[in-house]
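Numbering (UniProt numbering), first residue to last: 1 to 190.
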């Protein structure tokens with residue numbers, strides 16, 4: 001009976017052993033993990049590059065923000081325009097004069113002035129006479145000279161990676177508002 005069944009089976013499906021061999025090869029290929037690492041690499045590598053470029057861009061913006069913040073603060077401390085401390089009304093400075101002073105200080109402190117805009121800049125001087133009373137009742141006078149710096153500073157930070165340009169455009173603006181009142185000189189007067 002078994003022989004009859006095999007003959008019948010061979011008559012109906014004469015290529016069955018070949019099909020079985022092909023199916024075995026397909027199953028073996030499916031179970032094989034050759035190339036799986038390449039596929040995973042192809043999927044993960046672009047994400048890794050994207051994350052690295054994003055970290056570089058954030059670091060670049062943070063560096064520029066910190067250096068801009070530091071240099072504008074130091075510039076506002078170090079500006080020493082010529083003033084006449086004997087006159088009653090020291091000369092105030094506006095716009096271009098102040099912009100030149102601030103940009104020179106930015107350059108001295110290592111920040112490029114490319115993309116830096118300063119608007120509404122002014123430096124004004126004022127003086128204040130004060131009576132200081134000591135313990136023994138002797139009155140002493142002192143005169144204090146103040147300098148007030150006002151203005152708005154903007155720096156356009158150029159972005160360096162395609163990831164930053166894709167999300168934020170070609171540049172990233174940093175803004176600071178200058179508003180410092182500084183004591184320049186204090187001296188005793190009689």
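Glycine included, every Cβ here is placed at the ideal spot set by N, Cα and C.
Just so it is clear, the structure is predicted and the values come from calculations on it, not from any experiment.
Kindly list the residues whose CB is nearer than 7 Å to the CB of residue i, restricted to its own chain and excluding five residues on each side of it in sequence; keep chain order.
i, result
"residue 187", "142 and 143"
"residue 172", "61, 157 and 159"
"residue 8", "With a pLDDT of 49 at residue 8, under the threshold of 50, the modelled position of that residue is not reliable, and the figure given next carries that caveat. Cβ neighbours of residue 8 beyond the five flanking positions: none."
"residue 50", "163"
"residue 76", "149, 178 and 180"
"residue 165", "159"
"residue 109", "71, 74 and 75"
Between residue i and the rest of its own chain, which residues show a CB-CB distance below 6 Å, the 5 nearest in sequence each way excluded?
i, result
"residue 152", "119, 120 and 177"
"residue 68", "155 and 174"
"residue 99", "118 and 121"
"residue 116", "155"
Among the options, which has the Cα closest to the Cα of residue i?
i, options, result
"residue 96", "112, 115 and 122", "122"
"residue 125", "168, 169, 102 and 183", "183"
"residue 146", "51, 46 and 179", "179"
"residue 104", "131, 74 and 49", "74"
"residue 168", "54, 36 and 140", "54"
"residue 199", "46, 165 and 129", "Not covered by the structure: residue 199. The range shown for the chain is 1 to 190."
"residue 127", "45, 92 and 46", "92"
Would you kindly check if the distance between the Cβ of residue j and the Cβ of residue i is under 7 Å?
i, j, result
"residue 57", "residue 157", "no"
"residue 111", "residue 71", "yes"
"residue 174", "residue 94", "no"
"residue 101", "residue 79", "yes"
Measure the beta-carbon distance from residue i to residue j and round it to whole angstroms, keeping in mind my assumption that it falls under 8 Å.
i, j, result
"residue 181", "residue 148", "5 Å"
Leaving aside the five residues before and after residue i along the sequence, list all residues of the same chain whose C-beta is less than 8 Å from its C-beta, in chain order.
i, result
"residue 170", "158 and 159"
"residue 113", "103, 106 and 107"
query = Hey, which unbroken runs of the alpha helix (DSSP H) at 4 residues or more fall wholly within the segment 116-176?
reply = Counting only runs of 4 or more residues that sit fully inside the segment 116-176, the alpha helix (DSSP H) segments are 162-168, in chain order.
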